[in-house]
Amino acid sequence: MSYLVSISGSPSEASRSSVVSAYIKRKAEERGLSVREISVLDFDPDVLIRGKYDDPSITEAISVLRGASGVVIVSPVYKAAYTGALKTLLDLLPQDIFKNKPLFPLMVGGSAAHLLAIDYALKPLLAALSAQTILKGVYVLDKYVDKSDANEPIKDEEVQEKVDVQFEQFAEIAQNLSIQKELK
């Protein structure tokens, strides 16, 4: 298998969604999978806001995503949706960037009122970028994420199990697709 990509949509370096993203990376590495990370913080804000499609940082991100066997997208919930920073990054990617790649969406939000943000906000955007295999995804409440515990940051057993089960499904699909690509 080549590698997985983790995209963080958090505009904050020390966010709960960043902690969840790091947890997923560790789970992948424990499974022997390589992970490359892309964060909205990796880009000059001017590149994102001005839509500089040909900026070297964007072309590098496109190259990394094209080579990925699967993509994890983690975003905090702002105003019942993903972050604007994540949207501006995704707007600069080619229309088919997620074609033939499994996607595992995770969102971290302050209340259960935004529980459907994955289904009604993030998944339609991912589908517009040609994602065909989008896992159910997991919505994690802020109160269940302990930023001080990098090893086991999710403090609710049921949510922890959902994340782990979905991640295992995602990793299995990504590995199978990678093997099929290599055989072609």
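Take the sequence shown: its position 28, counting from 1, is numbered 975 in the working numbering, and each next residue is one higher.
Glycine residues also receive a C-beta, built at the ideal position from the N, C-alpha and C atoms.
Between TYR950 and ARG978, the gap from beta carbon to beta carbon reaches 9 Å or more.
For the stretch 1089-1128, there is no continuous beta strand (DSSP E) assignment of 3+ residues that stays within its boundaries. Note on ALA1097: under 16 other CB atoms within 10 angstroms of its CB, so exposed under the neighbour-count rule. In this structure, the beta-carbon distance from LEU1072 to LYS1034 falls below 9 Å. Secondary-structure assignment with DSSP links SER986 through a beta bridge to SER955.
Selection LYS1128, ASN1123, SER959 evaluated against SER1022 yields SER959 as nearest (Cα-Cα). Between LEU1050 and VAL1018 a beta carbon distance of about 5 Å is seen, short of the 8 Å cut, so the two are scored as contacting. In terms of Cβ geometry, ILE1044 and LEU1069 do not form a close pair [threshold 9 Å]. A direct Cα-Cα distance of roughly 18 Å separates LEU1053 from GLU976.
At the C-beta level, LEU1040 and ALA1008 come within 9 Å of one another. Cα atoms of SER957 and ASP1002: separation of roughly 21 Å, rounded to the nearest angstrom.
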